[in-house]
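One point on numbering: in numbering that gives the first Met the number 0, the residue at position 267 of the sequence shown is 266, and numbering is uninterrupted.
Beta carbons: idealized from backbone N, C-alpha and C, even for Gly.
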Amino acid sequence: MATTITINLQNNSPALQNFFFFQQPAIYTGGPEVYTNSLYSQALLPFETSGAILTFSLVIQDYAGVQQQVTPPTVGKPSGQLAASQAITVTPAAGGTPTKNTTTMTVNPSLGLSPPVSTPGPQAGSFRIITPVFNPTLENYNAGSALRTLTGGVTLSNFVTAQPNTNLDCQPIRIFYVQTGNYTAGTVMNFTASSATAAVCDATPGYSTFSVVYNANGTWTVTPYALVRGANGRGRLVEGATAVNAEVLNEAGTATISTGYVADNDFSPPILVQNLSHPAVINVLADYQVGPIGGPKLGTTCIEKQGTSATFAP
């Protein structure tokens, strides 16, 4: 089963409201102004009279995305068409196993992205899109960070106007917002104005689920939950749980390559680390040092990995 981020929205106002979801723009190098698209939009009846809850879920997987511009990006208008995307992995922290962090964009004979490969250029936490030679006076393209919903659709979440024959590096940020309004998926919206009074769902600490309530007075109540698994492997959502209390170091112990969560701070082997920030750098049968953040570490071997969780034993 895919690892997801889920936002459950409840409308406690007395009237039907339109809501839309969007992501904090990534950090870009090699591109001009950054634009943001809506990821999803839906009307929601008052909870008191309907009992309705709106659920929006995203797969925790970074995607590189490109699309052809029809007109320059304009708030309230679709950002483009003829999109292409590739699942991609960001560069790990120093000492981590190299990842497939670079894809090459093509425009002839059609718009596309190559399967990603590993290159040493992108900084930790980012991926790279290599753009081809093209004439920007005749054609323009959007390029950036995309996301996939559980229904399989991929939306260009945020982007820049691609420059020809250059390296575009993108560092995604897993912070999501809910705001009142009606921007359909793929429509350019004003991030600064919309985020100022929006509900904020920060998944960077490892939270997997958020309960968001739109209150009658126009404010928001956001409650984060972390998925916590016990020794029996069964999981439960814990409100406001400490989502990060462990770190995984390389075998030499010279660099932290991932952080995560260990239930009940129990670091006795086998150690189950959940909500790994960089699961792609953890390899089964490879050696690491694992322990509480800032505390003593134990030399271990990864004996099992599933999704964003891994088990370590001496």
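Asked	Found
Same chain only: Cβ atoms within 7 Å of Glu32, ignoring 5 sequence neighbours per side	Val159
Residues that DSSP places opposite Ser156 in a beta bridge	According to DSSP, which records beta bridges pairwise, Ser156 is partnered with nothing at all.
Proximity winner among Gln85, Ser113, Phe126 and Ile59, relative to Pro91 (alpha-carbon distances)	Phe126
Cβ-based neighbour list, Ala83, same chain, cut-off 6 Å, excluding 5 preceding and 5 following	Val65, Leu110, Gly111 and Leu112
Buried/exposed call for Ile128, threshold 16 Cβ in 10 Å	buried
Asp201 - partner residues in DSSP beta bridges	Ile174
For Arg277, the nearest candidate out of Val261, Gly79, Thr96 and Glu138 (CA to CA)	Contrary to the premise, residue 277 reads as His rather than Arg in this sequence. His277 has its Cα closest to that of Thr96, out of Val261, Gly79, Thr96 and Glu138.
Secondary structure of Phe266, DSSP reduced to three states	coil
Between the CA atoms of Ala312 and Gln301 - distance to the nearest angstrom	Just to set this straight, residue 301 is Cys in the shown sequence, not Gln. Using only the alpha carbons, I get a separation of about 7 Å.
N-terminal and C-terminal residue of the beta strand (DSSP E) that Glu246 is part of	Ala245 to Leu248
Rounded Cβ spacing between Asp61 and Ile26 (contact assumed at less than 8 Å)	Not quite, the Cβ-Cβ distance comes to about 13 Å (not below 8 Å), so this is no contact.
Nearest residue (CA-CA) to Ala251, options Gly94, Met188, Gln178 and Thr218	Gly94
Distance CB(Ala202)-CB(Val177) smaller than 7 Å	no
Any 3 or more C-beta pairs closer than 8 Å across the segment 246 to 261 and the segment 271 to 290	yes
Where Pro278 sits in the DSSP three-state scheme	helix
For Tyr213, the residue or residues it bridges with in DSSP	Asn10 and Trp219
Per-residue DSSP class, three states only, for Ser109	coil
7 Å Cβ cutoff met for Thr2 and Gly306	yes
For Glu303, the first and last residue of its enclosing beta strand (DSSP E)	Leu297 to Gln305
Best match in Ala142, Asp265, Cys200 and Asn249 for proximity to Ile6 [C-alpha to C-alpha]	Cys200
Close-in-space but distant-in-sequence residues of the same chain around Asn181 (CB under 6 Å, 5 per side omitted)	Asn17 and Ser40
Alpha-carbon to alpha-carbon, Leu284 and Thr218	49 Å
Short Cβ contact (7 Å threshold) for Gln80 with Asn139	no
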